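Structure, as structure tokens:
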Amino acid sequence: MAFYKQVGSVPPKRHTQFRAPDGSLYSEELVGEEGFSSDSSLLYHRGVPSAIVDARPWELPDQTLTPNAPLTPRHLKLHDLFAGEEHKATDPVTGRRLVLGNGDVRISYAVSSLTSPYYRNATGDECVYVERGSATVETTFGGLEVGQGDYVVIPRTVTHRWIPTGAEPLRTYAIEANSHIAPPKRYLSKYGQFLEHAPYCERDLRGPTAPLLAEGTDVEVYVKHRGSGPGGLSGTVHVVPEHPFDVVGWDGCLYPYAFNIADYEPITGRVHQPPPVHQVFEGANFVICNFVPRKVDYHPQAVPVPYYHSNVDSDEIMFYVDGDYEARKGSGIGKGSISVHPGGHSHGPQPGAVERSLGVEFFDELAVMVDTFRPLDLGEAGLAVDDGKYAWTWSGRGPSA
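Note that the sequence shown ends on residue 401 in UniProt numbering; no numbers are left out.
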């Protein structure tokens with residue numbers, strides 16, 4: 001997405017001498033995708049961005065994955081994961097609990113009140129949805145103020161930390177890719193501008209506006225990277241001699257940004273629209289969609305809820321954030337739930353939902369959906385909050401009946 005920004009001080013010509021007031025040279029760093037062949041930005045550091053003075057292992061939160069076997073749809077109750085005052089002892093990075101994952105994407109959940117360590121994900125981009133609460137996200141590029149309903153997209157290897165703010169705990173739903181995360185290509189021109197049919201555009205994106213210019217020495221940075229641990233991941237703590245937020249300026253088309261779900265303009269029609277019209281981002285072998293409050297189908301014989309469908313090529317993961325999701329009434333699903341509809345299982349509205357939806361003109365619902373094109377396994381958190389009953393809600397009876 002070639003949306004150019006310039007923040008702070010940069011030289012008039014790239015790859016040329018750029019000196020501090022004391023005459024010393026700033027260190028120019030290219031942060032770029034696909035080698036030197038895709039979007040990038042140039043950052044200008046007071047220190048040397050490659051310098052480290054120590055390194056030690058970081059034991060990642062449990063990344064173990066268990067196959068969804070026997071194959072069943074599932075209902076995962078995320079709000080049961082963090083009970084009581086547990087959020088006071090957790091942060092939005094090391095406190096994440098793995099809900100679902102495969103070789104392309106990992107979905108985690110955290111409820112936290114503590115500031116995270118400085119952190120960089122070297123395996124892929126992150127898209128973190130803020131369910132509740134607010135935070136300052138400090139990054140090498142500058143800071144972002146984020147709150148309820150924000151997607152926060154952080155490119156691979158960008159050092160950052162989360163600082164929860166406000167009175168209520170910060171609830172975050174983290175989608176971690178092994179690739180890059182970007183707006184769907186069909187929303188963009190061949191040069192990267194949002195097209196007229198896109199449901200959001202550049203005006204809706206919030207990027208950093210000023211350098212942080214933080215001071216400090218021997219700063220610890222937690223790095224998640226490829227390795228031999230569960231899920232092919234490992235962790236390392238690097239100790240850097242100067243603060244990673246020492247950037248005096250940068251410019252380019254690659255940087256962290258926030259986008260609020262309330263700025264997504266839904267695409268509607270006379271008859272029911274398929275899920276791709278709700279897409280907001282894409283990664284390698286997965287897509288992210290959102291279902292927002294909207295006017296629904298207005299053909300006189302329209303059926304507003306989804307028709308039954310078989311996801312022969314994908315697993316469908318729906319996180320129910322707010323509102324009243326018509327198609328799932330009677331299933332036990334509510335705010336804070338995840339439904340897992342795996343490829344190989346035909347799914348659709350609960351019994352009675354079709355009749356109840358007839359004549360309805362507006363859906364007041366808010367949900368974030370991830371569709372993956374390889375099967376998802378269950379993380380420790382997903383196993384811990386599976387209600388064990390959802391698979392039988394269409395028939396009304398289970399194997400013990």
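Where a beta carbon is used, it is the ideal one built from N, C-alpha and C, also for glycine. Since the model is a prediction, treat every value here as computed from it, not as a measurement.
Am I right that residue 192 and residue 3 are in contact with their C-beta atoms under 8 Å? What's the rounded C-beta distance?
With a Cβ gap of about 7 Å, residue 192 and residue 3 count as contacting.
Can you tell me where the alpha helix (DSSP H) holding residue 354 begins and where it ends?
Residues 353-357.
Whole-number beta carbon distance between residue 219 and residue 55, since they are thought to touch under 8 Å:
Between residue 55 and residue 219 a beta carbon distance of about 13 Å is seen, past the 8 Å cut, so the two are scored as non-contacting.
For the beta strand (DSSP E) that residue 384 lies in, which residues bound it at each end?
Annotation for residue 384: no beta strand (DSSP E) segment contains it, though the alpha helix (DSSP H) segment containing it runs 380-384.
In its own chain, which residues sit with a C-beta less than 8 Å from the C-beta of residue 294, not counting the 5 before and 5 after it?
Counting only Cβ-Cβ distances below 8 Å, and skipping sequence neighbours, we find 266, 268, 362, 363.
Unbroken beta strand (DSSP E) runs of length 3 or more, entirely within the UniProt domain "Homogentisate 1,2-dioxygenase C-terminal" (284-380): which are they?
Secondary structure remark: continuous beta strand (DSSP E) runs of at least 3 residues inside the UniProt domain "Homogentisate 1,2-dioxygenase C-terminal" (284-380), in chain order: 286-291, 315-323, 337-341, 365-372.
Roughly how many whole angstroms lie between the Cα atoms of residue 85 and residue 92?
Near 15 Å, if we compare the C-alpha coordinates of residue 92 and residue 85.
Coarse secondary structure for residue 191, derived from DSSP in three states
When DSSP states are grouped into helix, strand and coil, residue 191 belongs to the coil group.
8 Å CB neighbourhood of residue 63 in its chain, flanking five on each side removed
Scanning its chain for C-beta atoms nearer than 8 Å, with the 5 sequence neighbours on each side dropped, one finds around residue 63 the residues 98, 101, 106, 229, 230, 231, 233, 379, in chain order.
Based on Cα-Cα distance, which residue from 336, 331, 48, 120 lies nearest to residue 353?
Here the closest residue by C-alpha is 331.
Distance between residue 141 and residue 8 (C-alpha atoms, nearest Å):
Using only the alpha carbons, I get a separation of about 10 Å.
Residue 81, DSSP secondary structure in three states:
Three-state result, residue 81: coil.
When 338, 114, 323, 25 are compared against residue 134, the one with the closest alpha-carbon
That would be 114, whose Cα lies nearest to the Cα of residue 134.
With distances taken Cα to Cα, identify the nearest neighbour of residue 342 among 10, 174, 313, 321.
Comparing Cα positions, the closest option is 313.
Work out the CA separation of residue 270 and residue 359 for me, nearest whole Å.
For residue 359 and residue 270, the distance between alpha carbons rounds to 12 Å.
For residue 350, is the classification buried or exposed, using 16 other Cβ atoms within 10 angstroms of its Cβ as the cut-off for buried?
Note on residue 350: 16 or more other CB atoms within 10 angstroms of its CB, so buried under the neighbour-count rule.
Is the region 154-165 touching the region 117-125, taking contact as three or more C-beta pairs under 8 Å?
Judged by Cβ distances under 8 Å, the region 154-165 makes contact with the region 117-125, as three or more pairs qualify.
Close-in-space but distant-in-sequence residues of the same chain around residue 46 (CB under 6 Å, 5 per side omitted)
Leaving aside the five residues that flank residue 46 on each side, the residues in its chain whose CB is nearer than 6 Å to its CB run, in chain order, 246.
Could you pull the start and end residues of the beta strand (DSSP E) that residue 225 belongs to?
It spans 217-226 - the beta strand (DSSP E) in which residue 225 sits, taken as one unbroken run.
Contacts around residue 292, its chain only, beta-carbon distance under 7 Å, and the 5 residues preceding and following it disregarded:
When the five nearest sequence neighbours on each side are left out, the beta carbons in the same chain lying within less than 7 Å of the beta carbon of residue 292 are those of 261, 264, 266, 366, in order along the chain.
Quick one: using the 10 Å Cβ neighbour count with 16 as the cut-off for buried, is residue 301 buried or exposed?
The residue in question, residue 301, is exposed, as its Cβ has fewer than 16 Cβ neighbours within 10 Å.
Residue environment, residue 189, which counts as buried when at least 16 other CB atoms sit within 10 Å
Per the 10 Å Cβ criterion, exposed.
Could you tell me if residue 53 is buried or exposed, where buried requires 16 or more neighbouring beta carbons within 10 angstroms of its beta carbon?
It counts as exposed.
Roughly how many whole angstroms lie between the Cα atoms of residue 148 and residue 17?
Straight through space, the alpha carbons of residue 17 and residue 148 are spaced by roughly 42 Å.
How is residue 251 classed by DSSP in three states: helix, strand or coil?
Strand, per DSSP.
If you measure from the CB of residue 371, is any heavy atom of the ligand GDP nearer than 7 Å?
Judged by which ligands are present, the structure shown has none, so any question about the ligand GDP falls away.
If you reduce the DSSP assignment to three classes, tell me which class residue 203 lands in.
Helix.
Using C-beta distances below 6 Å, list every residue in its chain close to residue 272, excluding the 5 sequence neighbours before and after it, in chain order.
Cβ neighbours of residue 272 beyond the five flanking positions: 297.
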